[in-house]
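**Q** Here the numbering used here is used: position 25 in the sequence shown is 23, and no number is missing along the way.
Ideal Cβ positions, reconstructed from N, Cα and C, are used throughout, including at glycine.
Treat the numbers as computed from the prediction; the structure is a model and nothing was measured.
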Amino acid sequence: MSFQSPKAQELPNLSATRFREFLDFLMSSKVAPPSGISRPTYSDDSVLLEVEVAPPPGFPIGQCWYNCIEHSLNNAGQIVYGWLFWEVNHSYYVAQHHAVWRSENGVLIDLTPNATGAKKVLFMPDDRATFDLDDLRAAMSLEWTSNDQYDWVARQVVNFKVEEIRSKEFGIIRMEPDDSSLSNRIKRLQSALS
């Protein structure tokens, strides 16, 4: 999840040299799934794709994993984990850990609305960046200005306060829901899948 003002975010310029350097940095980073979680197989793994944003009614911003899991309960297809890309203030890039839906005919759809209102987004499937619903573990996102100036970032609820965590090393973060409606949604999804 990105931590910036939605007005400051925009889709990156695909032809920008810095954006390509950012992608190379991300793909050479030591990203790994949470322990005990197997890596899925994606035919388009590590391929940068333009994906249409088409959220069903009621699917909230910031809950991509849960939106896709809920969608999977009633629809044929596959949850695809990876990275959603943003450029912030024309100064740095964000690889936001994200999930989209692959329909049974192979089309990727972003089921989660975004704060910018973008109708298409840039997404890269990455089988290293999965999500663990049982223990609520997810990959940190990456904020990158250069290969020397970057942070892996995540938000975590500690003592009922949301705190931002920054690290020079990739990590997996265990999350806590920050409100009762999200907590209830997670419990319902966990129950449906058990």
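Compare the C-alpha of residue 61 against each of 80, 132, 119, 111 and name the closest.
**A** Position 63 of the sequence shown, counted from the first residue, corresponds to residue 61. If we check each option's Cα against that of residue 61, 111 comes out closest.
**Q** Please state if the CB of residue 109 and the CB of residue 173 are separated by a distance shorter than 8 Å.
**A** What you label residue 173 is simply residue 175 of the sequence shown in a count that begins at 1. What you label residue 109 is simply residue 111 of the sequence shown in a count that begins at 1. For residue 173 and residue 109, no; Cβs fall outside 8 Å.
**Q** Given a cut-off of 8 Å, decide if residue 10 and residue 91 are closer than it, judged by their beta-carbon atoms.
**A** Looking up residue 91 in the sequence shown gives position 93. Looking up residue 10 in the sequence shown gives position 12. Yes, these two residues count as a Cβ contact at 8 Å.
**Q** Report yes or no: do the stretch 7 to 22 and the stretch 111 to 124 share at least 3 C-beta pairs separated by less than 8 Å?
**A** The stretch 7 to 22, when compared against the stretch 111 to 124, does touch it at the 8 Å Cβ threshold.
**Q** Looking at the unbroken alpha helix (DSSP H) that takes in residue 91, where does it start and where does it end?
**A** Start at 1 with the first residue of the sequence shown, and residue 91 comes out as number 93. Note, residue 91: premise wrong, no alpha helix (DSSP H); beta strand (DSSP E) at 90 to 101.
**Q** Could you tell me whether the Cβ atoms of residue 30 and residue 100 are closer together than 8 Å?
**A** For the purposes of this step, residue 30 is taken as residue 32 along the sequence shown, with counting starting at 1. For the purposes of this step, residue 100 is taken as residue 102 along the sequence shown, with counting starting at 1. No. Outside cutoff.
**Q** According to DSSP, simplified to helix, strand and coil, what is residue 199?
**A** Lying before the first or after the last residue shown, residue 199 is absent from the chain, which here runs from -1 to 192.
**Q** Inspect the CB distances between the stretch 144 to 152 and the stretch 160 to 174 and report whether three or more fall short of 8 Å.
**A** As far as the Cβ criterion goes, the stretch 144 to 152 touches the stretch 160 to 174, which means the pair count is three or higher.
**Q** Distance check for residue 77 and residue 98, CA to CA, integer angstroms please.
**A** For the purposes of this step, residue 98 is identified with residue 100 of the sequence shown, where counting begins at 1. For the purposes of this step, residue 77 is identified with residue 79 of the sequence shown, where counting begins at 1. If I take the Cα positions, the gap works out to 6 Å.
**Q** Helix, strand or coil: how does DSSP classify residue 57 here?
**A** Numbered from 1 along the sequence shown, position 59 holds the residue referred to as residue 57. Three-state result, residue 57: coil.
**Q** Mark residue 93 as exposed unless 16 or more other C-beta atoms lie within 10 angstroms of its C-beta, in which case mark it buried.
**A** By one-based count along the sequence shown, residue 93 stands at place 95. So residue 93 counts as buried.
**Q** Should the stretch 134 to 144 be called in touch with the stretch 15 to 34, which here means at least 3 C-beta pairs below 8 Å?
**A** Cβ pair count under 8 Å is three or more, so yes.
**Q** Which residues bound the beta strand (DSSP E) around residue 172?
**A** Working through the sequence shown from its first residue, we reach residue 172 at position 174. Counting along the chain, the beta strand (DSSP E) containing residue 172 begins and ends at 170 to 172.
**Q** Please give the ranges of any alpha helix (DSSP H) in the stretch 110 to 134, keeping only runs that are unbroken, at least 4 residues long and fully inside the region.
**A** With a minimum length of 4 residues, no continuous alpha helix (DSSP H) run stays inside the stretch 110 to 134.
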